Amino acid sequence: MKAGTENKTEVRIAIVLVVLAILTVSWTLMRGRKGVPAEASVPSAGKPQVKGTAQSSESIDPRLHLDLLANAEDVKYHGKGRNIFSAAPEPVEIPKVKISPLLRKQEEARRNLPPPPPPITLKYFGLASAKGEQAKAFLSQGEDIWIAREGDVVNRHYKIVRISPNAVEVEDLLNNNRQNIPLTQG
Numbered sequence: 025m026k027a028g029t030e031n032k033t034e035v036r037i038a039i040v041l042v043v044l045a046i047l048t049v050s051w052t053l054m055r056g057r058k059g060v061p062a063e064a065s066v067p068s069a070g071k072p073q074v075k076g077t078a079q080s081s082e083s084i085d086p087r088l089h090l091d092l093l094a095n096a097e098d099v100k101y102h103g104k105g106r107n108i109f110s111a112a113p114e115p116v117e118i119p120k121v122k123i124s125p126l127l128r129k130q131e132e133a134r135r136n137l138p139p140p141p142p143p144i145t146l147k148y149f150g151l152a153s154a155k156g157e158q159a160k161a162f163l164s165q166g167e168d169i170w171i172a173r174e175g176d177v178v179n180r181h182y183k184i185v186r187i188s189p190n191a192v193e194v195e196d197l198l199n200n201n202r203q204n205i206p207l208t209q210g
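Written out as structure tokens, the structure reads:
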């Protein structure tokens, strides 16, 4: 196995370069340390500096000063009045709107109206017409299918008033309601 030492001049140049690199790095590090002041003179942020002698535990007064506590308790919070310890928003008071008598009467009249008649559930899906005959409309409701002419009564409930190619006018005989039913596809 070859270690790459066949060319002696290249090996010697590599050794000289490695030694120079080591000397340069060590000289830079040594010169950098001389310019920095000693660590003992740098104040640390984590440790408070104590000047003079430390206080002994005998000089600290362990008694409660109730007058100072009473002053702290008497401080009033003058904010917006909400609870600063609660995450829920303060309920907002919504002022009631005054309704004029005219609007009140209109609202009562609207409430007293009878409910609208139910919609006609027939579907118009086709038209047949022959020369000389009346047009026939194909109507369905669910699975039931009817063929009707104008004037016919469908399902004993709906009267066919008018048939056109795009719609059928149907009258609900029970609720006295007229409605146009458009032609549906499919």
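If you use our numbering, the sequence shown corresponds to residues 25 to 210, in order.
Note that beta-carbon positions come from the ideal geometry of N, C-alpha and C, so glycine has one too.
Just so you know, these numbers come straight off a predicted model, no measurement behind them.
Counted as a single uninterrupted DSSP element, the alpha helix (DSSP H) harbouring residue 136 occupies residues 125-136. The secondary-structure analysis by DSSP pairs residue 203 across a beta bridge with 194. Under the three-state reduction of DSSP output, residue 56 falls in the helix class. By the Cβ criterion, the segment 118-136 is not in contact with the segment 144-161, since fewer than three pairs of Cβ atoms, one from each stretch, lie closer than 8 Å. The Cβ atoms of residue 173 and residue 184 sit closer than 8 Å to each other. Rounded to whole angstroms, the separation of the alpha carbons of residue 89 and residue 95 is 10 Å. When DSSP reads this structure, residue 177 sits in a beta bridge with 183. Burial state of residue 161 is buried, judged by a 10 Å Cβ sphere holding 16 or more other Cβ atoms. Within the DSSP secondary-structure output, residue 171 pairs in a beta bridge with 162. Counting along the chain, residue 151 sits inside the beta strand (DSSP E) bounded by residues 147-152. Annotation: residue 127 to residue 120 spans about 15 Å, alpha carbon to alpha carbon. The residue among 56, 188 and 165 with its C-alpha nearest the C-alpha of residue 153 is 188. Taking C-alpha positions only, residue 163 is separated from residue 138 by approximately 29 Å.
In the three-state scheme derived from DSSP, where H, G and I count as helix and E and B as strand, residue 36 is classed as helix.
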